[in-house]
Amino acid sequence: MITLLNGEHWGKDEILTQMYDDEFYYGHLGKHALSSSSIKTILKSPKTYRNVIKYGSDSETPALIAGKLFHCMVLEPQKLDKLHFVSASTRNTNVYKHAKEEHGEVYLVKEKFAAERLTDALLRNEAALQLLNKAEFEVPAIEMMEGIAIRGKADILKGDHLIDLKSTADLNAFKWSADKYGYDLQAWLYMELFNCTKFTFLVVDKNSCDIGIFEVTDEFLERGKNKFIQGIENYKYFFEQDNDLDQYVMRGKQTR
């Protein structure tokens, strides 16, 4: 039995079936279950998490938008026909704004070209194709962990091997990006959710189109586990025990 944050009870098979629907997964469960992304937000700023849950978020960055389109082209190309593209210089133009009012999810043509460039580079690479071959894509999972419903969606699942697709501005600096963006937390959590023994990042450089294949270390996963524990503690303290979030203060010592 899965009990969501709003008290809803679901059978495991029933909710997993629903989780293949993006509106349910990102909409309903985005508010009523935790994920690696929401736990990272709680770690960074519990107030931001509260505001996102209460008011929603329209702060998709260009990097997130590009990554979403790239994922779609590689993992769910059947959905491309449902997307709408406009020839506009930026998202601030009237052409784009009018298209968004009419169609909802809209991308710029130049964003499409950029994603196609990365997708082409990835699918020309034999090592990358080997990871994609005979794998399942966009597989959902949900478990009760520490008494809380935690969700995730694997980009690429191949037996007990999880492969996560990323794009980066600098492949040589990916290990620092992995720490900055909490990929260690994601890797540990997904291995728990999917009961996998191996996790690999499949990364494409947005500038050079070079391909990186990075396996995670035990130290990397341990860092992720510690972040998960702290994130859950923060969630319970502020959102279950109902301590005054307005009294939250980040403390530390300035070293430089």
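Throughout the sequence shown, residue numbering follows my numbering, covering 779 to 1034 in sequence. From the three backbone atoms N, C-alpha and C, an ideal C-beta is built for every residue, glycine too. On a predicted model such as this, the values are computed, not experimentally measured, just so you know.
Beta-carbon contacts of residue i that lie in its chain and below 8 angstroms, excluding the five residues immediately before and after
{"i": "GLU854", "result": "PHE915, GLU916"}
{"i": "LYS936", "result": "LEU909, LYS912, ALA913, GLU914"}
{"i": "HIS787", "result": "MET779, ILE780, THR781"}
{"i": "ILE934", "result": "LEU853, LEU909, LEU910, ALA913, GLU914, PHE915, LEU940, ILE941, ASP942, LEU943, LEU980"}
Residues near residue i in its chain [Cβ-Cβ closer than 7 angstroms; skip 5 each side]
{"i": "THR826", "result": "THR819"}
{"i": "GLU889", "result": "ILE843, ALA844, LEU847"}
{"i": "VAL852", "result": "THR897, LEU900, LEU943"}
Member of the options whose CA lies at the smallest distance from the CA of residue i
{"i": "GLY845", "options": "THR781, LEU943, MET922, THR868", "result": "LEU943"}
{"i": "THR839", "options": "LYS860, LEU858, ARG869, VAL864", "result": "ARG869"}
{"i": "GLY785", "options": "ASP1024, GLY925, VAL982", "result": "GLY925"}
{"i": "ILE831", "options": "SER816, ARG1029, GLU1018, LEU967", "result": "SER816"}
{"i": "PRO824", "options": "ASN1012, GLY1030, TYR959", "result": "ASN1012"}
{"i": "ASN1004", "options": "LEU940, VAL982, LEU967, GLU921", "result": "LEU967"}
{"i": "ARG1029", "options": "LYS822, ARG1001, ILE1010", "result": "LYS822"}
{"i": "VAL887", "options": "MET797, HIS876, LYS976, ALA866", "result": "ALA866"}
{"i": "GLU1000", "options": "GLU921, CYS987, MET969, MET922", "result": "MET969"}
{"i": "LEU783", "options": "ASP799, GLY805, LYS809", "result": "LYS809"}
{"i": "CYS974", "options": "ASP1022, LEU949, ALA932, LYS1014", "result": "ALA932"}
{"i": "CYS987", "options": "ALA893, ASP1022, GLU921, PHE977", "result": "ALA893"}
{"i": "MET797", "options": "GLU921, ALA906, ALA905", "result": "GLU921"}
{"i": "MET923", "options": "PHE972, ASP996, ASP859", "result": "PHE972"}
Rounded C-alpha distance that separates residue i from residue j
{"i": "ASN903", "j": "ASP1020", "result": "51 angstroms"}
{"i": "PHE998", "j": "ALA899", "result": "28 angstroms"}
{"i": "ASP938", "j": "LYS984", "result": "29 angstroms"}
{"i": "ALA919", "j": "ARG895", "result": "31 angstroms"}
{"i": "LYS790", "j": "ALA811", "result": "14 angstroms"}
{"i": "ASN829", "j": "ALA947", "result": "29 angstroms"}
{"i": "VAL873", "j": "GLU883", "result": "14 angstroms"}
{"i": "TRP954", "j": "TYR961", "result": "10 angstroms"}
{"i": "PHE891", "j": "GLU801", "result": "26 angstroms"}
{"i": "ILE1007", "j": "THR871", "result": "44 angstroms"}
{"i": "ASP1024", "j": "GLU1018", "result": "15 angstroms"}
{"i": "THR795", "j": "TYR803", "result": "10 angstroms"}
{"i": "TYR959", "j": "TYR1026", "result": "22 angstroms"}
{"i": "PHE863", "j": "CYS850", "result": "14 angstroms"}
{"i": "LEU907", "j": "LYS1031", "result": "47 angstroms"}
Sequence-distant residues of the same chain with beta carbon closer than 6 angstroms to residue i, five excluded per side
{"i": "LEU807", "result": "ARG929"}
{"i": "PHE979", "result": "ASP942, LYS944, PHE992"}
{"i": "GLN964", "result": "SER814"}
{"i": "LYS878", "result": "VAL884"}
{"i": "PHE1016", "result": "PRO824, LEU1023"}
{"i": "VAL994", "result": "ALA965, PHE977"}
Per-residue DSSP class, three states only, for residue i
{"i": "ASP859", "result": "helix"}
{"i": "GLY990", "result": "strand"}
{"i": "VAL1027", "result": "coil"}
{"i": "THR975", "result": "coil"}
{"i": "GLY845", "result": "helix"}
{"i": "GLU1011", "result": "helix"}
{"i": "ALA811", "result": "coil"}
{"i": "MET969", "result": "helix"}
{"i": "GLU997", "result": "helix"}
{"i": "TYR959", "result": "coil"}
{"i": "ASP898", "result": "helix"}
{"i": "THR871", "result": "coil"}
{"i": "THR839", "result": "coil"}
{"i": "LEU980", "result": "strand"}
Segment limits, beta strand (DSSP E) that includes residue i
{"i": "LYS944", "result": "939 to 946"}
{"i": "LEU935", "result": "926 to 936"}
{"i": "LEU886", "result": "884 to 886"}
Start and end residues, alpha helix (DSSP H) containing residue i
{"i": "ASP799", "result": "Run containing ASP799: none; DSSP gives neither H nor E here."}
{"i": "ALA906", "result": "904 to 910"}
{"i": "PHE915", "result": "From DSSP, PHE915 is part of no alpha helix (DSSP H) but of the beta strand (DSSP E) over 914 to 923."}
{"i": "ASN760", "result": "In the structure as shown, the chain begins at 779 and stops at 1034. Residue 760 is therefore absent and cannot be evaluated."}
Residue-chain proximity (residue i, chain D), Cβ-Cβ < 8 angstroms
{"i": "GLY990", "result": "Looking for chain D here will not work: only one protein chain is present."}
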